[in-house]
Amino acid sequence: MNFWQTIPKPIIGLSPMDGVTDASFRFITAKHGGPDVVFTEFVNVETAFFAPDTLIKDFTYSEIERPIVAQIYGHTPEMFYKVAHIVCELGFDGVDINMGCPAKKVAAKGSGAALILNPSLARSIIQRVYQGVKDWCEGQSLSDLNIDPGFIQKTRIANRLRTGVERPLRRRLIPVSVKTRIGYDQVVVEEWMQTLLEEKPSVISLHGRTLKQGYKGSADWESIARAVDVSRNSGILLLGNGDLQDMQDVYRRISQSKVDGVLLGRSAQGNPWIFRGKEEVKRALSSNGGVSIDPMPIRLEERFRALLEHSSHFEKHWGLQCFVGMRKHLAWYCRGSPRAAELRSQMVQLSNVGEVMDCLRNYAASIASEFQPKERAPSPRPSRSSMASEPLIS
Ligand SMILES: Cc1cc2nc3c(=O)[nH]c(=O)nc-3n(C[C@H](O)[C@H](O)[C@H](O)COP(=O)(O)O)c2cc1C
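Quick note on numbering that gives the first Met the number 0: the sequence shown kicks off at 0 and runs consecutively.
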């Protein structure tokens, strides 16, 4: 049985996001939120094969993130075949094929969501990934495929350094999945699902927008519900995706569309805790709504501790020269804080963990004085006063 079948339904996972769901982000999300499954950022198959050194960053992970699925994209079936071996050799729990990216640099080459226009190529790619996983499982050696064993070794060492453990590699058939959209320039979800179902991936994750929409408009959950109808009784899991802001949204969309699960993307940015509510959603769905799904308030102190931990992880693993990549995360963590805009404008200029720490100290002092009870003033509002009296960072 593959790991997807062992996750209690509905599956509530972290959606892949290029430039966001790197190993530091996934580590923090797994530790503070605990999604059912995480995906790597998408990785181009040509780059993975010809410039593997650059991919150590993309394909490293910690044990806490499991189950972890490596996402790959491209347009050449033979490259997918080879890179499926790399994914297996690195111990991932699954391999996902991106057929949903709308970016020009991806789709113009016939990769990502452009594959929706080319069903026969899409099918060949799925078939070659299957074959790659199968051949690896049956013992095919990487050197036969001209795969640089040095890259595998370096990535394994990076993983061991990060987690302190290295899982003994066991040759096993890992599940193949596809993440896609409901169409290219118009909704063709029924036909497209039929095509994909014929190749029997373990899971299809469906973002309820066309390539043409990019990220505009609203995700079309009615089309996702129609995809559920098409895939019913196929044994293939369908995950819906798009615009889920919180666990109440997740509950509502799953009950209406009857998907097997969902992936959350942007709502997890700076918000690893969003996944904490997943058990309530599962309970509520199994008891027909008899459980309340209240978002758990995250205290400022907890938010800033996670922000610091994330910054330290990032600095330690990617180095100071890359810290600029952490700034967007810092900005996301500021959402909902008092004087968020001011804090955010400072955060996006920071260059190391020390500066993050100083910035938070100054911020804590300034909001503590702002919310300090004035002499003979009426009692302050309890939430604000408790915020000011607790140390935000220690
Ligand atoms: C910055 C960014 C990067 C993304 N990168 C990927 C990617 O590498 N692979 C992928 O399948 N989808 C990618 N997506 C799409 C998301 O996984 C998801 O389908 C989309 O954001 C809709 O879900 P949401 O509304 O929960 O964010 C990306 C989205 C964003 C915003």
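All C-beta atoms, glycine included, are put in the ideal place defined by N, C-alpha and C.
Owing to the predicted nature of the structure, the values given are computational and were not obtained by experimental measurement.
query                                                                                                                                                        : result
Per DSSP, what are the beta-bridge partners of HIS206 in this structure?                                                                                     : ARG180 and ASN240
Apart from the five residues on each side of it in sequence, which residues of its chain come closer than 7 Å, Cβ to Cβ, to CYS358?                          : GLN345, MET346 and LEU349
For ligand 1, is there a heavy atom less than 6 Å away from the beta-carbon of SER368?                                                                       : no
Could you pull out every residue in the same chain whose Cβ sits closer than 8 Å to the Cβ of GLN255, ignoring the five residues on either side in sequence? : TRP220 and ALA224
At a threshold of 6 Å, does PRO174 count as lining ligand 1 (C-beta to nearest heavy atom)?                                                                  : no
When you measure from the CB of PHE58 to every non-hydrogen atom of ligand 3, does any distance come out below 6 Å?                                          : Absent from the structure shown: ligand 3. Ligands present: ligand 1.
Examine the Cβ distances between the region 273-282 and the region 292-306 and report whether three or more of them are shorter than 8 Å.                    : yes
Name the residue from GLU354, GLU198, SER311 and MET0 whose alpha carbon lies nearest to the alpha carbon of ARG171.                                         : MET0
Could you tell me the distance, in whole angstroms, from the CA atom of CYS136 to the CA atom of VAL19?                                                      : 31 Å
For TYR72, which of ALA107, CYS100, SER266 and PHE49 has the nearest alpha-carbon?                                                                           : CYS100
Going by other Cβ atoms of all chains shown within 10 Å of its Cβ, with 16 needed for buried, is GLU301 buried or exposed?                                   : exposed
Could you check the C-alpha separation between VAL187 and ILE181 for me, to the nearest Å?                                                                   : 6 Å
Return the Cβ separation of THR179 and ILE115 in integer angstroms, given the expectation that the two are a contact with Cβ distance under 8 Å.             : 7 Å
Decide if the region 20-27 is in contact with the region 120-136; the criterion is three or more beta carbon pairs, one per stretch, under 8 Å apart.        : no
Counting C-beta neighbours from all protein chains within 10 Å, is the total for GLU64 16 or more, i.e. buried, or is it exposed?                            : buried
Below 6 Å, is the gap between the Cβ of HIS328 and the nearest heavy atom of ligand 1?                                                                       : no
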